[in-house]
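Asks:
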Amino acid sequence: MEESKGKCGYGKQFSFEFKNSVHNLSKTQQTKLTVGRLGLGLIIIQHGPYLQISHLIKNGAAAKDRRLKPVHQRKLGRQKKFFS
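Listed below in structure tokens is the structure:
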């Protein structure tokens, strides 16, 4: 379940709350991101019925937050890579 607060636009803060999912493939995260000139700073892809973080945009809100990681980094424990 996703909850967002605030209106879309530059400089607005969004709060995302993810509840436990049925698939149990990974831990769930909770974070607050501020929309900047690069948006939320992440690229999301659809993998079946689920959404996954594909890349973090360098200097974007998600990269600066340091809590969210792309799916390939969580599975393999790799160093941080950024999409620019």
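Residue 1094 is where the sequence shown starts when you use my numbering, and the numbers rise one by one after that.
Backbone N, C-alpha and C fix where the C-beta goes; we use that ideal spot for every residue, glycine too.
In the DSSP output, which residue or residues are listed as bridge partners for L1135?
Replies: For L1135, which the question treats as bridged, DSSP gives the partners L1149.
Asks: Please determine, among K1125, L1161 and H1140, the residue with the shortest C-alpha to C-alpha distance to K1151.
Replies: Considering only alpha carbons, the answer is L1161.
Asks: Does any C-beta atom of chain C lie closer than 8 Å to the C-beta of A1155?
Replies: Here chain C cannot be found, since the structure has a single protein chain.
Asks: For D1158, does the three-state DSSP call read helix, strand or coil?
Replies: Helix at D1158.
Asks: To the nearest whole angstrom, what separates the beta carbons of A1156 and L1126, a pair I think is in contact under 8 Å?
Replies: The Cβ separation is near 10 Å, so there is no contact.
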